[in-house]
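Novice: Structure below; questions to follow.
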Amino acid sequence: MKARVHVMLKDGVLDPQGEAVRHALGTLGFSGVEAVRQGKVIELDLTATDKAAAEAEVKAMCEKLLANTVIEKYTVEIA
25 MKARVHVMLK DGVLDPQGEA VRHALGTLGF SGVEAVRQGK VIELDLTATD KAAAEAEVKA
85 MCEKLLANTV IEKYTVEIA
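Add 24 to a position in the sequence shown, counting from 1, and you land on the number used in our numbering.
Dropping the structure here:
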């Protein structure tokens, strides 16, 4: 079973990397970009066979390590 975790900064948290990307895109001539939010994707190969149990385990991983829940939000996809 595979899990994909998307981690993004929460709304209202400044994103200096996203702002740097937006600025660089403007410098390269892509003037239609108003804002950029940068995040990360984490893919996990799991031994679990139960989808609900796998999702619960991955959420626990996010809460403990994969995401800083003070400033980041995350979503989990199980396939």
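For each residue, glycine too, the CB sits at the ideal point set by N, CA and C.
#1: Please name the residue, chosen from ALA72, LEU90, HIS47, that lies closest to VAL60 on a Cα-to-Cα basis.
#2: How many angstroms separate the CA atom of PHE54 from the CA atom of MET85?
#3: Could you tell me whether the Cβ atoms of ALA78 and LEU68 are closer together than 7 angstroms?
#4: Using 8 angstroms for Cβ pairs, my map puts VAL82 next to VAL100. What's the rounded Cβ distance?
#5: How is the beta strand (DSSP E) around MET32 delimited, first residue to last?
Specialist: Put simply:
#1: HIS47
#2: 37 angstroms
#3: no
#4: 5 angstroms
#5: 26 to 33
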